[in-house]
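Residue numbers (our numbering): 9 to 220. All residues carry an ideal CB built from backbone N, CA and C; glycine is no exception. Since this is a predicted model, take the numbers as computed values, not measurements. Read the structure below first, then the notes.
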């Protein structure tokens, strides 16, 4: 399995960043080696847990996966870990890059993992576009991925993960993730995105899905 995970990450790293899309796994920056290793550790832990559910977000955000390399995490979550479910944490080898001095937090990631930890359920989590789309000339911003980016960079990696983990259920987190998955021809259920006041609806949606 480790070889398969390494090959998957190498495929991610092969994509070049552009003027408004950052590939946090590429070999263009030395610090990306930490992000590649964080993703390897995450996929390795998930392979041991054998999840059958996949939560899919829209794209990597500048406060989260763009910094850590792991979808729906922040540097705070990555380093401190989630002890009730034994995921993440420095003791497992997860690291923060030295790109920024501050330890970043990300609100949506905190809500997602708080909900999952309470339910003691750990799905695989990924983004429809695994890289970070940003407003040109403002790398610390987010933007909606284009249809071209979704077509070129989204479907192939999602399909590989679905096959690799033998995923049975796909959950879209938010409307954009849902429409992206449908564009890819992937059947899914949807929960409300936790941002912009959607926390309660996200929590209730996840609880209903886990209960079923």
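Simplified DSSP assignment, three categories, for residue i
i, result
"residue 134", "strand"
"residue 218", "helix"
"residue 95", "strand"
"residue 209", "helix"
"residue 108", "coil"
"residue 128", "coil"
"residue 116", "helix"
CA nearest to the CA of residue i, picked from the options
i, options, result
"residue 74", "125, 178, 107 and 191", "107"
"residue 69", "120, 58, 82 and 156", "82"
"residue 60", "206, 125 and 177", "177"
"residue 12", "169, 218, 204 and 156", "169"
"residue 139", "187, 172 and 76", "76"
"residue 198", "211, 182 and 208", "182"
"residue 221", "84, 117, 92 and 120", "Because the chain spans 9 through 220 in this model, residue 221 falls outside it and cannot be assessed."
"residue 125", "179, 10, 101 and 92", "92"
"residue 58", "219, 220, 175 and 179", "175"
"residue 4", "128, 208 and 71", "Nothing can be reported for residue 4, as the shown portion of the chain is limited to 9 through 220."
"residue 30", "216, 141, 194 and 148", "141"
"residue 22", "10, 37 and 208", "37"
"residue 47", "65, 213 and 10", "10"
"residue 122", "32, 16, 211 and 18", "211"
"residue 62", "79, 71, 35 and 49", "79"
"residue 16", "164, 101 and 144", "164"
"residue 180", "49, 32, 202 and 52", "202"
Test: residue i CB closer than 8 Å to a CB of chain C
i, result
"residue 46", "Of the protein chains in the structure, only one exists, and it is not chain C."
Exercise. Within the segment 137 to 200, note down every full alpha helix (DSSP H) run reaching 4 residues or more, in order along the chain.
Key: Listed in chain order, the alpha helix (DSSP H) elements of length 4 or more contained wholly in the segment 137 to 200 are 155 to 161, 163 to 173 and 183 to 191.
Self-check item: Runs of alpha helix (DSSP H) wholly within the segment 22 to 89 (minimum 4 residues, chain order)
Solution: 40 to 57, 73 to 76 and 83 to 88
Practice problem: Please determine if the segment 89 to 100 and the segment 26 to 39 are in contact, where contact requires at least 3 C-beta pairs separated by less than 8 Å. | Solution: no
Self-check item: the segment 109 to 118 / the segment 41 to 49 touching (three or more Cβ pairs under 8 Å)
Solution: no
Quiz item: Are the segment 156 to 171 and the segment 128 to 142 touching by the rule of at least three beta carbon pairs closer than 8 Å?
Solution: yes
Quiz item: Can you find at least 3 beta carbon pairs, one from the segment 116 to 125 and one from the segment 144 to 152, that sit closer than 8 Å?
Solution: no
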